[in-house]
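Note sheet for the following structure.
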Amino acid sequence: MGKRMVDKLVADKHEIVVWNRSSGPLEELLEQYENLEPQSGVYGKLSVAASVPDLVDRLRKPRVIWSMLPSGEVTKAILNRLSDLVDPGDIIIDGANSNYKDTEKRYEEFKERKIKFLGVGVSGGIISATRGYPLMAGGNKSAYEYIKPILKSLAKPYGGFEYFGEGGAGHFVKMIHNGIEYGIMQSLSEGFAVLQKAPYKFDLLKIANLYQKGTLVSGFMLDRAIEILEKNPDLGDVRGIIEESGEAGWTVEQAEEEEVDVASIKYALNYRRRSQTDRNIQKSYTAKLIASLRNAFGGHEVKKK
Numbered sequence: 144m145g146k147r148m149v150d151k152l153v154a155d156k157h158e159i160v161v162w163n164r165s166s167g168p169l170e171e172l173l174e175q176y177e178n179l180e181p182q183s184g185v186y187g188k189l190s191v192a193a194s195v196p197d198l199v200d201r202l203r204k205p206r207v208i209w210s211m212l213p214s215g216e217v218t219k220a221i222l223n224r225l226s227d228l229v230d231p232g233d234i235i236i237d238g239a240n241s242n243y244k245d246t247e248k249r250y251e252e253f254k255e256r257k258i259k260f261l262g263v264g265v266s267g268g269i270i271s272a273t274r275g276y277p278l279m280a281g282g283n284k285s286a287y288e289y290i291k292p293i294l295k296s297l298a299k300p301y302g303g304f305e306y307f308g309e310g311g312a313g314h315f316v317k318m319i320h321n322g323i324e325y326g327i328m329q330s331l332s333e334g335f336a337v338l339q340k341a342p343y344k345f346d347l348l349k350i351a352n353l354y355q356k357g358t359l360v361s362g363f364m365l366d367r368a369i370e371i372l373e374k375n376p377d378l379g380d381v382r383g384i385i386e387e388s389g390e391a392g393w394t395v396e397q398a399e400e401e402e403v404d405v406a407s408i409k410y411a412l413n414y415r416r417r418s419q420t421d422r423n424i425q426k427s428y429t430a431k432l433i434a435s436l437r438n439a440f441g442g443h444e445v446k447k448k
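Numbered by this note's numbering, the letters in the sequence shown go through residues 144 to 448 in order.
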């Protein structure tokens, strides 16, 4: 996702310094942009840093540093590293699917050091590179106002961005989004599994295309189902092993803290967990379609037979 975001920002004339833990993606970027001429005004400028300190040194103040690493220890390590290198007034952004409670703590820690911190939930999957990213921001309000030109570029043409409050507010909103996503994928896939086993020998693609024409179940996820059904309608080579990203689990935990019933999300989460070992679930059309949907919108790996 970070690579696609860089492409979008460079195309909108921003100046970007990039660094990656492995060199392969950086070499691909350099090869991609080596024949472009920034002075033409059509593209922004892109340079590659050799290390994290080099990245910090190359940026003009106030620096804006956006981390797009996996959430957890990797993100924690890079944010700790950056905190020792940046100056007061610089802006650090965590674009991972981080737990909002961790983001809350980081916000307070950076605030004490006068470093401006934002937790930005980034959604939309693969297609957002062309359609625009939905961006859910929380943290330092002045930093949010400063980076609006970046957010506007990433959101073009059909995405959007909003500020939801201090601390971990943005990541909280993204967490609930992903929890809802689990329930939508589960119900959509269950419905098509019933259609697939019906006595009428339905053309599932025909049904999906009709459902997309103004019905209550039309939308982004059904578009992805149509893409899948166009290429592989019976999903015969797919193993229904469905990974979880963690955010649905956090949604369920938060709901329990708030004494809110989230039965659909909880069932969808448990279904994914059971799919890791339950052969009957792995063979089901429901699980195969959910796994395929994850690949269609997010590029997540699909286990094959």
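Ideal placement from N, C-alpha and C gives every residue a C-beta, glycine not left out.
The Cβ atoms of residue 228 and residue 207 lie no closer than 9 Å to each other.
Per DSSP, reduced to three states, the secondary structure at residue 357 is coil, with no helix or strand assignment. Under DSSP, the beta-bridge partners assigned to residue 262 are 237, 281.
For the 9 Å CB-CB criterion, residue 281 and residue 261 form a contact. Per DSSP, reduced to three states, the secondary structure at residue 296 is helical. About 20 Å separates the CB atoms of residue 313 and residue 408; that is not less than 8 Å, and the two are not in contact. Classified as exposed, residue 305 has fewer than 16 neighbouring CB atoms from the shown chains inside 10 Å of its CB. Counting the other CB atoms within 10 Å of its CB gives residue 339 a total of 16 or more, which places it among the buried residues. Ranked by Cα distance from residue 352, the options 200, 341, 366, 345 are led by 366. Put simply, the stretch 188-204 does not touch the stretch 367-385. Fewer than three CB pairs are less than 8 Å apart.
Your pair residue 446 and residue 434 checks out as a contact, with CB atoms roughly 7 Å apart and the cut at 8 Å. The DSSP assignment places 189-191, 207-210 as complete runs of the beta strand (DSSP E) inside the stretch 164-232, in order along the chain (cut-off: 3 residues).
Between the stretch 327-334 and the stretch 392-399, the count of Cβ pairs shorter than 8 Å is below three; the stretches do not touch. Under the criterion of beta carbons closer than 8 Å, residue 189 and residue 159 qualify as touching, at roughly 5 Å. Excluding its 5 nearest sequence neighbours in each direction, residue 145 has C-beta neighbours in its own chain below 6 Å: 211, listed in chain order. Close CB contacts of residue 382 within its chain, under the 7 Å cut and outside five residues either way in sequence, are with 425, 446, 447, 448 (chain order). When C-alpha distances from residue 153 are compared across 243, 242, 272, the shortest belongs to 272.
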